[in-house]
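In mature numbering (1 follows the signal peptide of the UniProt record, and there is no 0), the protein residues as written are -23 to -1, 1 to 315.
Below: the structure, in structure tokens.
Next up, the structure:
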């Protein structure tokens, strides 16, 4: 117990250091009171290939820009002032001619990126089709107390290791998708009301080979409906996910499940998708709430309901992300195991 308390104090002390604006290297403010008015200017001014965290304080305000963190801008830390007051907003979408990955409001290519207390929003709406809020393809990325808003394809976890803690994610179709090694822990995942005739699918993992060690894990999350969807939930089907590629891997464990999730739990990619249903890996483990009953779940070969912790330990922060090697230094709280 004493050891655990000591570790907690160390993490809290580190978190206070990381979340303090006093030691920021640069400040961005829309009113001109900082070093720069735009986030992109601050990113451009930051050092390349930094081996140490480089802190950019983003004051409260609405930043209407599409932000790029290039591959050579490593270990950047975005410090917002709260997910409801510091907002990065974009509107790019496939309906207006942008490809899925180019539609992102924030693109992260530099390893070691971290953001906290910020909203990242794509305002394209449900008619914009694919419209990404965040696209991340960098290793050891962390998002803490952030908010991601969109409809289809909100969160593009494209590649490498990513950790999301105490974040809010909003969407409709495939709104957490990619081919990465990603854990969302203690997050709120909000299904939104889609267009008429659409179903809601939270995840669309794109693992394409049996040898890959990738997937999407929802650990101790709350899977909820927005008020608008809750009023119309009888008109829509809502699923944990569908298989983007043959070895799609998604785990929902120790999470709170709302009553709007369809009894089947999971959806095929299409009506003709039969082969993938035996090669995918979809797991539910000790979830709770009105939508957690598994009796009427899909009967696919690749779907499992586990009750023994040994069957899911491989999907923890410690094992799946090797997170105990790099998350503690950031001070962000995390649960290493179950």
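Think of the CB as a built atom: it goes at the ideal place given N, C-alpha and C, for glycine as much as any other residue.
Only buried fits residue 167, as 16 or more other CB atoms lie within 10 angstroms of its CB. Under the DSSP assignment, residue 255 falls in the alpha helix (DSSP H) whose first and last residues are 253 to 256. Note on geometry: alpha-carbon atoms of residue 188 and residue 46 lie some 30 Å from one another.
Residue 307 sits in a helix when the DSSP states are folded into three classes. If you check the CB distance, residue 35 and residue 56 come in under 8 Å.
Looking at the DSSP output, residue 126 bridges to 98. Leaving aside the five residues that flank residue 107 on each side, the residues in its chain whose CB is nearer than 7 Å to its CB run, in chain order, 70, 71, 77, 80, 129 and 130. Under DSSP, residue 233 takes part in a beta bridge, and its partners are 199 and 265. Looking at the DSSP output, residue 64 bridges to 39 and 96. When DSSP reads this structure, residue 32 sits in a beta bridge with 54. Non-local C-beta neighbours of residue 314 in its own chain, meaning closer than 8 Å and more than five positions away in sequence, comprise 290, 293, 294 and 295, ordered along the chain. In this structure residue 120 is not in contact with residue 133, their Cβ atoms being roughly 13 Å apart against a cut-off of 8 Å. Cβ neighbours of residue 32 within its own chain (closer than 7 Å, five residues either side excluded): -1, 1, 2, 54 and 56. Residue 216 is classed as buried because its beta carbon has at least 16 other beta carbons within 10 Å across all chains shown. For residue 111, the uninterrupted beta strand (DSSP E) run begins and ends at 111 to 114, by DSSP.
DSSP places residue 79 in the helix class (H, G or I) of the three-state scheme. In this chain, the alpha helix (DSSP H) harbouring residue 206 covers 204 to 209.
Classified as exposed, residue 273 has fewer than 16 neighbouring CB atoms from the shown chains inside 10 Å of its CB. With at least 16 other beta carbons inside 10 angstroms of its own, residue 171 counts as buried. Under the three-state reduction of DSSP, residue 182 is assigned to strand. For residue 17, the enclosing alpha helix (DSSP H) stretches over residues 16 to 22. Counting along the chain, no beta strand (DSSP E) covers residue 222, and no H or E run does either. DSSP, read as helix, strand or coil, puts residue 295 in helix. Taking each of 110, 150 and 227 in turn and checking the Cα distance to residue 174, the smallest one comes out for 150. Residue 104 sits in a helix when the DSSP states are folded into three classes.
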